[in-house]
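Those letters in the sequence shown? Residues 7 to 299, by my numbering.
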Amino acid sequence: MDIRRPLQQAIASALAGLLFLNPIVATAAQLAVDAAAAGNTQLGAAGNGVPIVNIATPNGSGLSHNRFSDYNVGQQGLILNNATGKTASTQLGGRILGNPNLKGQAAQKILNEVTGGSPSQLKGYTEVAGQGAHVIVANPNGITCNGCGFINTPRATLTTGKPILAGERLQGYDVNGGEIAIEGAGLNASNLDQFELITRSAKLNADLYAKQLTVVAGRNQVDAETLAASAKADDGRAKPQLAIDSAALGGMYANTIRLVGTEQGVGVKLAGNMAASAGDIRIDANGKLELAQ
Numbered sequence: 007m008d009i010r011r012p013l014q015q016a017i018a019s020a021l022a023g024l025l026f027l028n029p030i031v032a033t034a035a036q037l038a039v040d041a042a043a044a045g046n047t048q049l050g051a052a053g054n055g056v057p058i059v060n061i062a063t064p065n066g067s068g069l070s071h072n073r074f075s076d077y078n079v080g081q082q083g084l085i086l087n088n089a090t091g092k093t094a095s096t097q098l099g100g101r102i103l104g105n106p107n108l109k110g111q112a113a114q115k116i117l118n119e120v121t122g123g124s125p126s127q128l129k130g131y132t133e134v135a136g137q138g139a140h141v142i143v144a145n146p147n148g149i150t151c152n153g154c155g156f157i158n159t160p161r162a163t164l165t166t167g168k169p170i171l172a173g174e175r176l177q178g179y180d181v182n183g184g185e186i187a188i189e190g191a192g193l194n195a196s197n198l199d200q201f202e203l204i205t206r207s208a209k210l211n212a213d214l215y216a217k218q219l220t221v222v223a224g225r226n227q228v229d230a231e232t233l234a235a236s237a238k239a240d241d242g243r244a245k246p247q248l249a250i251d252s253a254a255l256g257g258m259y260a261n262t263i264r265l266v267g268t269e270q271g272v273g274v275k276l277a278g279n280m281a282a283s284a285g286d287i288r289i290d291a292n293g294k295l296e297l298a299q
């Protein structure tokens with residue numbers, strides 16, 4: 007008789023209890039799956055209380071599409087479970103169980119789309135457990151980052167655009183409004199290969215660190231891969247005063263920086279520090295460009 011098997015089963019049962027018998031911890035940070043949407047996204051928590059999202063089964067293109075009525079990340083962080091094995095080791099939550107939704111196939115892209123009416127507050131790190139994946143947070147109501155960052159994520163996208171799907175493929179983002187704000191403790195994407203903000207307007211009141219940084223602002227349709235922006239026709243509604251507003255306290259530090267403001271007459275104000283270690287800074291503004299003296 008192998009006495010190890012009952013012990014292994016007991017450990018697995020205990021881990022399962024830690025993950026999914028206490029979903030209150032996850033929802034306490036205002037993280038709620040859209041119950042009316044299709045998909046099998048599940049919420050749980052690690053033994054130390056860090057919320058876990060068992061992401062939805064990826065489609066044939068490797069896209070896991072998760073819909074939330076509320077999506078926020080507290081200071082303790084959030085784990086997106088992309089682990090295909092029985093267990094996985096994480097920085098934020100220690101050892102957790104793998105995600106049965108994956109059926110042995112990890113996601114390449116994790117799209118977290120907000121269908122509710124509230125902005126997202128990102129106050130901690132988002133970690134991908136298991137195989138790394140491109141993480142996208144899409145909330146048309148706006149996104150505020152105050153001490154946010156990413157772990158085990160080669161690329162991340164924050165957008166106020168609505169995802170555009172072409173079959174099983176994420177084609178782009180349809181941006182009509184919303185603001186992305188960087189506040190307080192700022193945003194750290196320095197460990198990512200690529201990071202982008204795609205929004206109607208961006209406000210930087212704190213530092214943003216990245217390797218390859220792209221900010222695309224305006225009322226656009228933006229290609230999900232190339233980030234090429236097609237400006238939409240003026241709908242006659244009020245426009246933001248600035249497409250990109252970097253205050254004196256908001257600096258951008260990256261290897262390369264690309265800033266695009268497509269909206270006619272909507273300017274770009276760069277009062278904060280801006281440093282590209284590779285010497286590549288590109289600014290394309292369709293309105294007034296104001297630089298710090």
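By construction, the Cβ of each residue, glycine as well, lies at the ideal position given by its N, Cα and C atoms.
Beta-carbon separation of residue i and residue j under 9 angstroms?
{"i": "G190", "j": "N152", "result": "yes"}
{"i": "I186", "j": "Y179", "result": "no"}
{"i": "D251", "j": "A208", "result": "yes"}
{"i": "N87", "j": "G136", "result": "yes"}
{"i": "E133", "j": "Q82", "result": "no"}
{"i": "L219", "j": "A260", "result": "yes"}
{"i": "R264", "j": "F201", "result": "no"}
{"i": "K129", "j": "G50", "result": "no"}
{"i": "R206", "j": "G183", "result": "yes"}
{"i": "G273", "j": "M258", "result": "no"}
{"i": "G293", "j": "A253", "result": "no"}
{"i": "V181", "j": "N145", "result": "no"}
In whole angstroms, give me the CA-to-CA distance for residue i and residue j.
{"i": "L276", "j": "T163", "result": "22 angstroms"}
{"i": "C154", "j": "G122", "result": "21 angstroms"}
{"i": "P29", "j": "A52", "result": "Confidence at P29 is low in this model, with a pLDDT of 43, below 50, so the placement of that residue is unreliable and no value is reported for it."}
{"i": "A41", "j": "L193", "result": "30 angstroms"}
{"i": "D77", "j": "T93", "result": "Checking the displayed sequence, the identity of residue 77 turns out to be Tyr instead of Asp. Distance between the alpha carbons of Y77 and T93 is about 25 angstroms."}
{"i": "N65", "j": "V141", "result": "15 angstroms"}
{"i": "A235", "j": "N54", "result": "42 angstroms"}
{"i": "A32", "j": "R175", "result": "Residue placement at A32 cannot be trusted, given a pLDDT of 43 that sits under 50; what the coordinates show is reported in the next sentence. Looking at the two C-alpha atoms, the distance is approximately 29 angstroms."}
{"i": "S95", "j": "Y215", "result": "26 angstroms"}
{"i": "I102", "j": "A282", "result": "38 angstroms"}
{"i": "T159", "j": "I85", "result": "11 angstroms"}
{"i": "L295", "j": "G256", "result": "17 angstroms"}
{"i": "I58", "j": "T90", "result": "15 angstroms"}
{"i": "N118", "j": "V143", "result": "5 angstroms"}
{"i": "Q36", "j": "G110", "result": "29 angstroms"}
From the options, pick the residue whose C-alpha is nearest to that of residue i; which is it?
{"i": "A284", "options": "K217, L297, A244", "result": "K217"}
{"i": "A300", "options": "N226, A139, P246", "result": "Because the chain in this structure spans residues 7 to 299, residue 300 falls outside the shown range and cannot be described."}
{"i": "L69", "options": "L84, L108, I149, G91", "result": "L108"}
{"i": "A38", "options": "R73, M258, T63", "result": "R73"}
{"i": "N60", "options": "T47, K245, G273", "result": "T47"}
{"i": "Q270", "options": "F156, P246, R288, S196", "result": "P246"}
{"i": "R288", "options": "D229, I149, V222, A43", "result": "V222"}
Taking DSSP as the reference, what is the three-state secondary structure of residue i?
{"i": "N226", "result": "strand"}
{"i": "N305", "result": "A question about residue 305 goes unanswered here, because the residues of the chain that appear run from 7 up to 299."}
{"i": "P169", "result": "strand"}
{"i": "L54", "result": "According to the sequence provided, residue 54 is Asn. The question's Leu does not apply to it. Of the three classes helix, strand and coil, the one that applies to N54 here is coil, per DSSP."}
{"i": "L108", "result": "helix"}
{"i": "A43", "result": "coil"}
{"i": "Q218", "result": "strand"}
{"i": "S124", "result": "coil"}
{"i": "A139", "result": "coil"}
{"i": "N145", "result": "coil"}
{"i": "Q48", "result": "strand"}
{"i": "V59", "result": "strand"}
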